[in-house]
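>
4 protein chains.
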Amino acid sequence: MATTSAKTPAAKTSAAKTPATKTPPDASRRSERSRRAILRASMELVGEVGYNKLTIEAIASRAGVGKQTIYRWWPSKAAVLLDAFTQTTDEAQEEYAQGLPDTGDLAADLRQVLHATVDEFTDPAFEAPYRALAIAGAADAELAAQFYERLSEPGQQVYERRLRSAQEAGQIDPDLDLAFAVEFLLSPFQQRWLTRYGELSYEFADRLVDMALRAFAPRG
Amino acid sequence: MATTSAKTPAAKTSAAKTPATKTPPDASRRSERSRRAILRASMELVGEVGYNKLTIEAIASRAGVGKQTIYRWWPSKAAVLLDAFTQTTDEAQEEYAQGLPDTGDLAADLRQVLHATVDEFTDPAFEAPYRALAIAGAADAELAAQFYERLSEPGQQVYERRLRSAQEAGQIDPDLDLAFAVEFLLSPFQQRWLTRYGELSYEFADRLVDMALRAFAPRG
Amino acid sequence: MATTSAKTPAAKTSAAKTPATKTPPDASRRSERSRRAILRASMELVGEVGYNKLTIEAIASRAGVGKQTIYRWWPSKAAVLLDAFTQTTDEAQEEYAQGLPDTGDLAADLRQVLHATVDEFTDPAFEAPYRALAIAGAADAELAAQFYERLSEPGQQVYERRLRSAQEAGQIDPDLDLAFAVEFLLSPFQQRWLTRYGELSYEFADRLVDMALRAFAPRG
Amino acid sequence: MATTSAKTPAAKTSAAKTPATKTPPDASRRSERSRRAILRASMELVGEVGYNKLTIEAIASRAGVGKQTIYRWWPSKAAVLLDAFTQTTDEAQEEYAQGLPDTGDLAADLRQVLHATVDEFTDPAFEAPYRALAIAGAADAELAAQFYERLSEPGQQVYERRLRSAQEAGQIDPDLDLAFAVEFLLSPFQQRWLTRYGELSYEFADRLVDMALRAFAPRG
DNA sequence: AGTTAACCGAGACGGTACGTCGTGTCTTAGA
DNA sequence: TCTAAGACACGACGTACCGTCTCGGTTAACT
């Protein structure tokens, strides 16, 4: 998947949108070694200096790679970072693939996962590049679309599945729009994190679950 | 009102304690004419070229001002914009001062205000600089603190007051933490706007109000 | 000829010894086109605006070149001008290569050459950059060394050779230190030119030759 | 003399040349304290940082004076320095007023004075400002005129007087143009000093005297 | 003795240029 | 043909000084 994902944005911007720009590079000749080094260097540097001070030149230098090799395969700094981040988390995210825990106790299950998410968003190694991408996405709609398609949506669908299970069990309102419900549950969390306005604690997560479940409850 | 960077007076008072920091400028000699021109130029330019392409040089040039005059009074591009935005909205925000409408019908009142907010966040003249500040705040914690103190908090307190009125009227749970409730109500809105993930419509606002009020309702 | 700053190769060879100094650029990749344009623009501009108002930015702009390309290859404004001047005069100076005229009449030969030199120092196209270099050299010892090595010394040796011929012919004191004699002959000329204190005329040149030859004459 | 001399250039540039520029300041109200502090600071700073890095702002700051006080009374950085230098040397130069020594032995007398001059031009406290003025004069003809009128000429006339005495004593050619002779004698000295090309030693001075006296000798 | 017009220290101002950094493109040599 | 290396034209950065222009606050000199 890694190689494919890396190619997609480049192909998209140069081939799919504009009809004929600068014959695209031959992906089969691409150096896997360089690709890895670039992604690795990006992740390291974004953690060390932050997104605003992250430069293509520094990435190239750290990766021992020519600048052109970056420009050839990625359309922007943010695209590199998105690939780098995707690759890193893809490995760790296989646990998500099996879905949220489903013990029958919805509140407990949600709390557990949100606690794990609190831990994640508190870990600088995860936080720095993720924030960088969120910022880049806020500034650039096209990047935002990719960001959400590749990172946010998969996570939200996992929540949605757990809510569906609860809905089928009659624990929440059968008319509830589940996608909207997930948005409702997670937005305060994401907002707090992004704005740093308020603590991102287990207690906050718990209150969030409480509040959301009151909203989701079957109508009396 | 004529607030400059919030940092300047702080730096001045602590100047005796810390040895360095380049003697702060004499605010009483400041040119009001230049200050206005700079704020005005910032607002114009951020609308024309966006935050990333907004340069200090362009602001100085448009304002007919030396670059140093900007660097003398503001620590960063974002700080200029924050002042500019604050100044612009302060004038228009006096309506907020009298609080949200209070017809007794909480849902209707909230919907009305959120519709107005939808309009605001759909207007490019407001949206461009506000997004710029949100992004800058996401990247810089210190700026974020000023941003929320000067722009977000005042708005949230207005909502909080309306909820308190409803709480006193027994329309919502008497144990509800109102600050948290406001956060819960507004976060999905802000998140949609910032990420552009989903439509920012009246209908969305209405669903938000419905969902929130179910969560806020007095416990059976 | 294509001499760049005389310092560059020296810096290169000593790079292994000294730890710092920002890895020198690769001279083999240097753009000849840009180099020429820079030297040309320097000569034009120094004539138009004078040395004090000569700026790197103006040179870069006139040459259609980035500022960095100048800073990459020359350590200072004066070094650029020295190269520019050297290049310009090298072409014209091939006449000097064949030495001074030697008709047997020393006084006549010296007068002839000094008259030519008067013409040269009266021509603004020559005078402006040369004065600029002389001034820069007076202020900066390191530049002065290059200035004299590349511009003054070659000229003086030509005079010295002519005096040697006269010495061998018994026309001047056999014990005379010829280098000193040349210095003695030319200094009043150079001093008048630099200070503008007194006219720089053929007549002055003639009196100079007369006076010098009286000093150089074989001792009775 | 000091107060008068300080006023002269300002009056000259603003009143004598242009018919009506900015009514000149009232010299009688001038602060002697500030004037002294400025001249003193100039001399100090030119020794510390050199002429090129000498700034009006630094002089004003060191002297504890507003910038305007400098701009009010002097037309340029060089003019300040010229006054500063003149003032400093005026005190020491009273010895010159009584002329060169006249023991009857011209060569010995010239050597003695030139040795003293070598010492002077070797002393950084004298050399730095004098070089600064020479450089400024080379770049600016108007300043050069003042420089020579106030510093060079008086010295040269002292030499001229000594040569006249020797001429009257029949020791040198009665037809010799004495002003020219002085120029001839001193130019190699000044040239060596300005260009740093060659040592400025007693021995050099002696050779200079020898050479010059051979040129000045009565014709056989 | 009080008024007043100047100089004075201070330093903000509109500018120009500095020397550096990073961008995205282009060129060269090597695998 | 892709790659590492890096020179290139360009644009912006944040700083240093320029010379001009207010500000109060002293100071003389003249009412």
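Line by line, the protein sequences give chains A, B, C and D.
Okay, so the first sequence: first residue is 1 according to UniProt numbering, each after it adds one.
Okay, so the second sequence: first residue is 1 according to UniProt numbering, each after it adds one.
Okay, so the third sequence: first residue is 1 according to UniProt numbering, each after it adds one.
Okay, so the fourth sequence: first residue is 1 according to UniProt numbering, each after it adds one.
We put the beta carbon where it would ideally sit given N, CA and C, even for glycine.
Please go through the same chain and pick out, in chain order, the residues whose beta-carbon is closer than 7 Å to the beta-carbon of Leu110 of chain A, but skip the five residues on each side of it.
Position 110 of the first sequence, counted from the start, is the residue given in the question as residue 110 of chain A. Result list for Leu110 of chain A: Val209, in chain order.
> In whole angstroms, give me the CA-to-CA distance for Asp140 of chain B and Asp26 of chain B.
In the second sequence, the residue the question calls residue 140 of chain B occupies position 140. In the second sequence, the residue the question calls residue 26 of chain B occupies position 26. Approximately 27 Å, taken between the alpha carbons.
> Within the continuous alpha helix (DSSP H) that includes Tyr202 of chain D, where are the two ends?
For the purposes of this step, residue 202 of chain D is taken as the residue at position 202 of the fourth sequence. Start and end: Tyr202 to Phe216.
> Which ranges does the beta strand (DSSP E) cover as unbroken runs of at least 3 residues, wholly within the segment 104-149 of chain C, from first to last along the chain?
None, since the segment 104-149 of chain C contains no complete beta strand (DSSP E) of that length.
> Along the chain, where does the alpha helix (DSSP H) that runs through residue 221 of chain B open and close?
Summary: the structure shown does not reach residue 221 of chain B, with chain B confined to residues 1 through 220, and so no result is reported for it.
> Measure how close the beta-carbons of Ala60 of chain C and Lys67 of chain C come, nearest whole angstrom, since I'm counting them as under 8 Å.
If you number the third sequence from 1, residue 60 of chain C lands on position 60. If you number the third sequence from 1, residue 67 of chain C lands on position 67. Rounded, the Cβ-Cβ distance is 5 Å, consistent with contact.
> Within 9 Å (strictly less), CB to CB, does Thr122 of chain D reach chain C?
The residue labelled residue 122 of chain D in the question sits at position 122 within the fourth sequence. Not closer than 9 Å to any Cβ of chain C, the Cβ of Thr122 of chain D fails to qualify, so no.
> Starting from the beta carbon of Ser187 of chain A, find every residue of chain B whose beta carbon is closer than 7 Å, and list them in chain order.
Within the first sequence, numbered from 1, the residue matching residue 187 of chain A stands at position 187. Under the 7 Å cutoff, chain B gives Ser187, Pro188 and Gln191.
> Using 9 Å as the limit for Cβ to Cβ distance, is Gly198 of chain A near chain B?
On the first sequence, residue 198 of chain A is found 198 positions in, with the first residue counted as 1. Closer than 9 Å: yes.
> Specify the secondary structure class of Asp175 of chain B as computed by DSSP and reduced to three states.
For this step, residue 175 of chain B is matched to residue 175 along the second sequence. Of the three classes helix, strand and coil, the one that applies to Asp175 of chain B here is coil, per DSSP.
> Expressed to the nearest angstrom, what Euclidean distance is found between the alpha-carbon atoms of residue 221 of chain B and Glu142 of chain B?
Any answer about residue 221 of chain B is impossible in this case: the structure gives chain B only from 1 up to 220.
> For Met43 of chain D, decide whether its Cβ has a neighbour in chain C, counting only Cβ atoms nearer than 9 Å.
Against the fourth sequence, residue 43 of chain D aligns to sequence position 43. By this cut-off, Met43 of chain D is not an interface position.
> Nearest-angstrom Cα distance between Ala179 of chain A and Arg161 of chain A?
Indexing the first sequence from 1 puts residue 179 of chain A at position 179. Indexing the first sequence from 1 puts residue 161 of chain A at position 161. Answer to the nearest angstrom: the Cα atoms are 10 Å apart.
> Relative to the C-alpha of Gly64 of chain B, which candidate in B:Arg33, B:Ala169, B:Pro129 and B:Pro154 has its C-alpha closest?
Taking the first residue of the second sequence as position 1, residue 64 of chain B is located at position 64. Cα-wise, what sits closest to Gly64 of chain B is B:Arg33.
> Cβ of Glu183 of chain B less than 9 Å from any chain A Cβ?
Against the second sequence, residue 183 of chain B aligns to sequence position 183. Interface residue, yes.
> Give the residues of chain B in contact with Tyr148 of chain A, contact being defined as C-beta atoms less than 8 Å apart.
Here residue 148 of chain A corresponds to residue number 148 of the first sequence, with the count starting at 1. The contacting residues are Thr195 and Tyr197.
> At the level of alpha carbons, what is the spacing between Pro218 of chain D and Val113 of chain D?
What you label residue 218 of chain D is simply residue 218 of the fourth sequence in a count that begins at 1. What you label residue 113 of chain D is simply residue 113 of the fourth sequence in a count that begins at 1. Their backbone Cα atoms lie some 23 Å apart in a straight line.
> Quick one: Cα of Val182 of chain B to Cα of Met211 of chain B, how far?
In the second sequence, the residue the question calls residue 182 of chain B occupies position 182. In the second sequence, the residue the question calls residue 211 of chain B occupies position 211. In a straight line, the C-alpha of Val182 of chain B is about 13 Å away from that of Met211 of chain B.
> With 9 Å as the threshold, decide whether the Cβ of Ile172 of chain A is near any Cβ in chain B.
On the first sequence, residue 172 of chain A is found 172 positions in, with the first residue counted as 1. False, the Cβ-Cβ gap to chain B never drops below 9 Å.
> Is there a C-beta anywhere in chain B that falls below 9 Å from the one on Leu106 of chain A?
Indexing the first sequence from 1 puts residue 106 of chain A at position 106. With 9 Å as the cut-off, Leu106 of chain A does not count as an interface residue toward chain B.
> How many angstroms separate the CA atom of Ser28 of chain A from the CA atom of Ser42 of chain C?
Within the first sequence, numbered from 1, the residue matching residue 28 of chain A stands at position 28. Within the third sequence, numbered from 1, the residue matching residue 42 of chain C stands at position 42. So the alpha carbons of these two residues sit roughly 49 Å apart.
> Which residue wins for smallest C-alpha separation from Leu82 of chain A, given the options A:Arg30, A:Arg62, A:Gly137 and A:Thr117?
By one-based count along the first sequence, residue 82 of chain A stands at place 82. Considering only alpha carbons, the answer is A:Gly137.
> What in chain D is Cβ-close to Arg62 of chain C, meaning under 9 Å?
Translated into the one-based positions of the third sequence, residue 62 of chain C becomes position 62. Ordered by position in chain D, no residue passes the 9 Å Cβ test against Arg62 of chain C, which lies about 22 Å from the chain.
> List the residues of chain C whose Cβ lies closer than 8 Å to the Cβ of Gly137 of chain D, in chain order.
For the purposes of this step, residue 137 of chain D is taken as residue 137 along the fourth sequence, with counting starting at 1. Within chain C, the residues near Gly137 of chain D are Thr195.
> Give a yes or no on whether 9 Å exceeds the smallest Cβ distance from Gly66 of chain A to chain B.
Locating residue 66 of chain A in the first sequence gives position 66, counting from the first residue. Chain B, which has no Cβ nearer than 9 Å to the Cβ of Gly66 of chain A, makes this no.
> Hey, quick one: how far does the alpha helix (DSSP H) through Gly47 of chain D stretch, first residue to last?
The sequence position of residue 47 of chain D within the fourth sequence is 47, counting from 1. Start and end: Glu32 to Val49.
> Counting only Cβ pairs nearer than 9 Å, list the residues of chain C close to Ala141 of chain D.
Position 141 of the fourth sequence, counted from the start, is the residue given in the question as residue 141 of chain D. Correct list: Arg196.
> State yes or no: is the C-beta of Phe121 of chain B within less than 9 Å of the C-beta of Leu45 of chain B?
Along the second sequence, read from residue 1 onward, the residue named residue 121 of chain B stands at position 121. Along the second sequence, read from residue 1 onward, the residue named residue 45 of chain B stands at position 45. For Phe121 of chain B and Leu45 of chain B, no; Cβs fall outside 9 Å.
> I'd like to know if Gly155 of chain B contacts chain A, where contact means its C-beta is closer than 9 Å to some C-beta of that chain.
Start at 1 with the first residue of the second sequence, and residue 155 of chain B comes out as number 155. Chain A contact via Cβ: absent.
> Using C-beta distances below 8 Å, list every residue in its chain close to Arg72 of chain B, excluding the 5 sequence neighbours before and after it, in chain order.
The sequence position of residue 72 of chain B within the second sequence is 72, counting from 1. If we look at Arg72 of chain B and ignore the five residues flanking it on each side, its Cβ neighbours are Pro25.
> Count the other CB atoms within 10 Å of the CB of Ala108 of chain C; is the residue buried (16 or more) or exposed (fewer)?
Within the third sequence, residue 108 of chain C is the residue found at index 108, counting from 1. Looking at its Cβ environment, which holds fewer than 16 other Cβ atoms inside 10 Å, Ala108 of chain C is exposed.
> Consult DSSP for Thr8 of chain C and reduce its assignment to one of helix, strand or coil.
Within the third sequence, the letter at position 8 stands for residue 8 of chain C. The pLDDT assigned to Thr8 of chain C is 38, lower than 50, so where the model puts this residue is not dependable, and the model offers no usable value.
> Check each candidate in A:Phe147, A:Tyr202 and A:Ala215 and name the one with the smallest Cα separation from Asp177 of chain A.
Within the first sequence, the letter at position 177 stands for residue 177 of chain A. Asp177 of chain A has its Cα closest to that of A:Ala215, out of A:Phe147, A:Tyr202 and A:Ala215.
> CA-CA distance, residue 234 of chain D and Ser187 of chain C?
In the structure displayed, chain D extends from 1 to 220; residue 234 of chain D sits before or after that span and is not available.
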